[in-house]
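Here the sequence shown stands for residues 341 to 484, numbered as in the working numbering.
Built from N, CA and C at the ideal position, the CB exists for glycine as well.
Down below is the structure, laid out as structure tokens.
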Amino acid sequence: MEFDRDEIMRIIPHRPPFLFVDRIVEVEGSRIVGTLTLRGDEWFFPGHFPGMPIMPGVLIVEAIAQTGACLAMRRPEFAGRIPYFAGIEQVRFRRPVRPGEVVTLEVELQWIRGRMGRVAGRALVEGTVAADGEFTFVVGEDRV
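As structure tokens, this is what we get:
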């Protein structure tokens, strides 16, 4: 199963310029794979860092989390609600992510109990891990 940015925006509440997954290329059971193509004109590159732009690590974490949200928020009971971080654990940054690169975002749902859940994910560039970690989330009562 694949879906584009329009379908992603039907599933999760994030919007540009704070949407960090362009396409979902695979959904199978508890696993999802998305991509983010960095054109180089994104708002964060000029200031992070002038002359040597790299994607901020916190935004790589956000991209992994948004990809995981595309899996979790497809559940009917979560439709129209907002997912929130409840915890970020074991995150490691292993290589910089630069303008012009395509980031592959792989996320595995570990568990969901009620409105809480946990995913493990990683961001890769050309098959090399750029960042990985585990994320706990809670789905809010509020609706968008």
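How long is the line joining the alpha carbons of residue i and residue j, rounded to whole angstroms?
i, j, result
"Pro439", "His388", "11 Å"
"Arg458", "Arg379", "30 Å"
"Ile452", "Gly391", "43 Å"
"Ile400", "Arg414", "22 Å"
"Gly430", "Glu347", "At residue 430 the sequence reads Gln, which differs from the Gly that was named. Rounded to the nearest angstrom, the two C-alpha atoms are 30 Å apart."
"Thr375", "Leu464", "9 Å"
"Arg432", "Val442", "19 Å"
Spatial neighbours of residue i within its chain, please: C-beta separation below 8 Å, excluding the five flanking residues on both sides.
i, result
"Asp386", "The question names Asp, but residue 386 is Pro in the sequence shown. Contacts found: Pro393."
"Met349", "Arg355 and Leu359"
"Pro357", "Glu382 and Trp383"
"Phe477", "Ala405, Gly408, Ala409, Ala412, Pro423, Tyr424, Phe425, Ala426, Met456, Gly457, Arg458 and Val459"
"Pro396", "Phe384 and His388"
Looking at the unbroken beta strand (DSSP E) that takes in residue i, where does it start and where does it end?
i, result
"Ile348", "No beta strand (DSSP E) holds Ile348; the alpha helix (DSSP H) holding it covers Arg345 to Ile351."
"Val313", "Here the chain has residues from 341 to 484 only, and residue 313 is not among them."
"Glu366", "Arg363 to Glu368"
"Leu464", "Met456 to Val465"
Provide the residue span of the alpha helix (DSSP H) that contains residue i, from first to last.
i, result
"Gly374", "Gly374 -> not in any alpha helix (DSSP H); beta strand (DSSP E) instead, spanning Arg371 to Thr377."
Between residue i and the rest of its own chain, which residues show a CB-CB distance below 6 Å, the 5 nearest in sequence each way excluded?
i, result
"Leu449", "Ser370, Leu411 and Val459"
Inset, instruction - Indicate whether the contact test is met: 3 or more Cβ pairs, each with one atom in the stretch 416-428 and one in the stretch 459-472, closer than 8 Å. - result: no
Inset, instruction - Count the CB pairs spanning the stretch 362-370 and the stretch 420-434 that are closer than 8 Å, and state whether there are at least three. - result: no
Legend entry - Secondary structure, alpha helix (DSSP H): runs of 4+ residues fully inside the stretch 392-416: As far as the stretch 392-416 is concerned, its whole alpha helix (DSSP H) runs of at least 4 residues are 397-412.
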